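Trainee: Be aware that the sequence shown starts at 32, since it is given in the working numbering, and climbs by one per residue. Below you will find the structure I want to go over with you.
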Amino acid sequence: MNRYDVRSEFQGRYTTDRASTRYLAVHHAAAVYPGARGIDHVRSAATYHVESRGWPGIAYHVCLAEETRGGPIARYDTSDLETRRFHVGDMNTHTLGVCCLTDFGNRIPEAKWIEALAEVLRELGERYPDAEIVGHQEIVADRSCPGERWPEWKPTLLERVGDGAPAADPRNGAAEPRVLGEPVQPNEPNEPAGNSEAAPAVGTISPLLVVPRSTAERCSRYMLSRPTGEYTEYDVRAVIVPAYFEICGRAGLNPLLAISQMIHETGNLTSWWSQRPRRNPAGLGVTGEVRREDPGDPDRWVFHAERGEHRAGLSFPSWDEHAIPAHVGRLLAYAAPSTAALTGAQRELIDTALRARPLPDRLRGTAPTLEGLAGSWAVPGLQTGGGREISYAESIATIASRIVGGG
Ligand SMILES: [Zn+2]
């Protein structure tokens, strides 16, 4: 990525340093300046901030912009990193801002944006290791920045930031960068005695029905080290994670993979569908279909008040008694090679789940491994991340590996 030090032009009259760097905030400009690219785009944003808003200079510390129309992204260092700039209201004094000069609107950013952001955030993360990566909307209420679908693509971005990180000091027990499918070496000197179990690799052919396993504590810790939407530590640690362990135990399914799928599908419980009163753990019945008129089927449609539209998808009255059994039972229906070999408890779970949403016979037993879920649970099963196609199975396996690895 081309990088330009343009601080002398854009720093402006900001003179106060931040008190701390608690957050690295990701922004998008929302406004698109037609025709402006590269440094001209940065100038357009700066002019708006200074002339229309009356600020002492451009709001952000670092800007990313296409150098040419549709071309690669370049980095513009617009300010000394320590200054307190105006980009997140009363959190300015604790937050550094990186802005993508584009409008993500209601879409998932193209891989080149995610890759460029990851590169910048990785470097900033080395300088400010305690800072948390957040979207503008996470620390200042009622803002759609950086785009409405930030909760969906944030996990991909964080993975890319982590994937490219330099080899960590093994004494810290941090995971080494690795190629998916290669064994993950357990390396957790801080793990309490008695809680350390063998941590085999989580590849995309991990059988859904067997190893690897992880502890509930490790799953909770992973989830709670990230934003969890409206859900509290109690919800995660005392309700949701234990219910997955209990119900997966009944099903003979691996709780680590079911939880990883839930994390992937809900953006670690931050997605709109996963919030109360919907509690949808894995996109169950969510087809993307939207209607203005009430379809008159409250079991399968939910009204989105802010948008004034009805969205297709299932809601559940509780996590432990409804949402998680429906998720796990459905996963089991995909995984179980034949119904004849199932226990009574397993059949009951499948029946409950398929009552909530039927599963065509042709899909039953198609996913004894994670790979089998791609293209059946998730269509088309591919998403773009880090400049390449990442399969659905790979996304889930990556999360599972991180939980096992304590990351
Ligand atoms: Zn913003």
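Beta carbons are placed, not taken as given, at the ideal position from N, Cα and C, and that holds for glycine. Note that the structure is a prediction, hence the values are computed from the model and not measured.
Once the 5 residues before and after ALA77 are set aside, which same chain residues still bring their CB inside 6 Å of it?
Mentor: Residue mapping note: residue 77 aligns to position 46 of the sequence shown, counting from 1. Excluding positions up to five away in sequence, the list reads PHE41, ILE89.
Trainee: In whole angstroms, give me the CA-to-CA distance for ARG153 and GLY193.
Mentor: Taking the first residue of the sequence shown as position 1, residue 153 is located at position 122. Taking the first residue of the sequence shown as position 1, residue 193 is located at position 162. If I take the Cα positions, the gap works out to 7 Å.
Trainee: Which residues in the same chain as ARG323 place their Cβ atom closer than 7 Å to its Cβ, once the five residues preceding and following it in sequence are excluded?
Mentor: Counted from its first residue, the sequence shown places residue 323 at position 292. Around ARG323: GLU340.
Trainee: Let's test the definition: count the other Cβ atoms within 10 Å of the Cβ of ASP200 and tell me whether it reaches 16, buried, or not, exposed.
Mentor: Position 169 of the sequence shown, counted from the start, is the residue given in the question as residue 200. Bear in mind that a pLDDT of 36 at ASP200, under 50, signals an unreliable position, so the model cannot answer this.
Trainee: Does DSSP put ARG34 in a helix, in a strand, or in coil?
Mentor: The residue given as residue 34 occupies position 3 in the sequence shown. Three-state result, ARG34: strand.
Trainee: Go to LEU255, then tell me how far its alpha helix (DSSP H) extends in each direction, as first and last residue.
Mentor: Within the sequence shown, numbered from 1, the residue matching residue 255 stands at position 224. Counting along the chain, the alpha helix (DSSP H) containing LEU255 begins and ends at 247 to 255.
Trainee: In terms of residue numbering, what span does the beta strand (DSSP E) encompassing VAL165 cover?
Mentor: Here residue 165 is taken as the residue at index 134 of the sequence shown, counted from 1. Residues 163 to 166.
Trainee: Distance, Cα to Cα, GLU113 vs ALA56?
Mentor: Here residue 113 refers to the residue found at position 82 when the sequence shown is read from its first residue. Here residue 56 refers to the residue found at position 25 when the sequence shown is read from its first residue. One C-alpha to the other measures close to 14 Å.
Trainee: Under the rule that 16 or more other beta-carbon atoms within 10 Å means buried, what is HIS335, buried or exposed?
Mentor: One-based indexing of the sequence shown puts residue 335 at position 304. Result: exposed.
Trainee: Would you report the Cα separation of PRO182 and ALA313, rounded to the nearest angstrom?
Mentor: Translated into the one-based positions of the sequence shown, residue 182 becomes position 151. Translated into the one-based positions of the sequence shown, residue 313 becomes position 282. Going from the Cα of PRO182 to the Cα of ALA313 covers about 14 Å.
Trainee: Please return the same chain residues whose Cβ sits closer than 6 Å to the Cβ of MET293, not counting the five positions on each side in sequence.
Mentor: Here residue 293 refers to the residue found at position 262 when the sequence shown is read from its first residue. Counting only Cβ-Cβ distances below 6 Å, and skipping sequence neighbours, we find PRO312, ALA313.
Trainee: Let's test the definition: count the other Cβ atoms within 10 Å of the Cβ of SER251 and tell me whether it reaches 16, buried, or not, exposed.
Mentor: As a first step, residue 251 must be located in the sequence shown, where it is residue number 220. The residue in question, SER251, is buried, as its Cβ has 16 or more Cβ neighbours within 10 Å.
Trainee: Rank ASP121, HIS80, GLY85, ALA149 by C-alpha distance to the C-alpha of LEU95 and give the top, closest one.
Mentor: Counting from 1 along the sequence shown, the entry for residue 95 is found at position 64. Comparing Cα-Cα distances from LEU95 to each of ASP121, HIS80, GLY85, ALA149, the minimum goes to ALA149.
Trainee: How many Å lie between ASP325 and TYR54 at the Cα?
Mentor: For the purposes of this step, residue 325 is identified with residue 294 of the sequence shown, where counting begins at 1. For the purposes of this step, residue 54 is identified with residue 23 of the sequence shown, where counting begins at 1. Roughly 41 Å separates the two Cα atoms.
Trainee: Should HIS167 be counted as a contact of ligand 2 given a C-beta to heavy atom distance under 7 Å?
Mentor: The model depicted lacks ligand 2 and carries ligand 1 instead.
Trainee: Can you tell me the Cα-Cα spacing of TYR159 and ALA431, whole angstroms?
Mentor: Taking the sequence shown and counting its residues from 1, one reaches residue 159 at position 128. Taking the sequence shown and counting its residues from 1, one reaches residue 431 at position 400. Cα to Cα, the separation comes out at about 26 Å.
Trainee: Decide if GLY186 is buried, meaning its Cβ has at least 16 other Cβ atoms within 10 Å, or exposed.
Mentor: Counted from its first residue, the sequence shown places residue 186 at position 155. In the sequence under discussion, the amino acid at residue 186 is Pro, which differs from the Gly named in the question. Its Cβ being crowded by 16 or more others within 10 Å, PRO186 is buried.
Trainee: Mind checking who ARG106 pairs with in its DSSP beta bridge?
Mentor: In the sequence shown, residue 106 corresponds to position 75, counting from 1. Answer by DSSP bridge pairing, in chain order: ARG34, LEU95.
Trainee: To the nearest angstrom, how far is the alpha carbon of ASP392 from that of THR374?
Mentor: As a first step, residue 392 must be located in the sequence shown, where it is residue number 361. As a first step, residue 374 must be located in the sequence shown, where it is residue number 343. Using only the alpha carbons, I get a separation of about 19 Å.
Trainee: On the DSSP letters alone, give me the boundaries of the beta strand (DSSP E) that GLY128 sits inside.
Mentor: As a first step, residue 128 is located in the sequence shown; it is residue number 97 there, counting from the start. It spans 126 to 131 - the beta strand (DSSP E) in which GLY128 sits, taken as one unbroken run.
Trainee: Report the CB separation of ALA343 from LEU315 in whole angstroms; it is logged as a contact under 8 Å.
Mentor: Within the sequence shown, residue 343 is the residue found at index 312, counting from 1. Within the sequence shown, residue 315 is the residue found at index 284, counting from 1. Going by Cβ atoms, the distance from ALA343 to LEU315 rounds to 11 Å, so no, they are not a contact pair.
Trainee: Any idea if PRO220 is buried or exposed, counting beta-carbon neighbours within 10 angstroms, 16 or more meaning buried?
Mentor: For the purposes of this step, residue 220 is identified with residue 189 of the sequence shown, where counting begins at 1. Summary for PRO220: the model assigns pLDDT 29, below 50, so the residue's position carries little reliability; its value from the coordinates is reported in the next sentence. Exposed, by the Cβ-count rule.
Trainee: Identify which residue in GLU320, LEU404, HIS92 has its Cα closest to the Cα of LEU127.
Mentor: On the sequence shown, position 96 is the one that residue 127 refers to. When each option's Cα is compared against that of LEU127, the closest is HIS92.
Trainee: Quick check on DSSP: helix, strand or coil for ALA336?
Mentor: Counting from 1 along the sequence shown, the entry for residue 336 is found at position 305. Looking at ALA336 - three-state DSSP - the assignment turns out to be coil, as it is neither helix nor strand.
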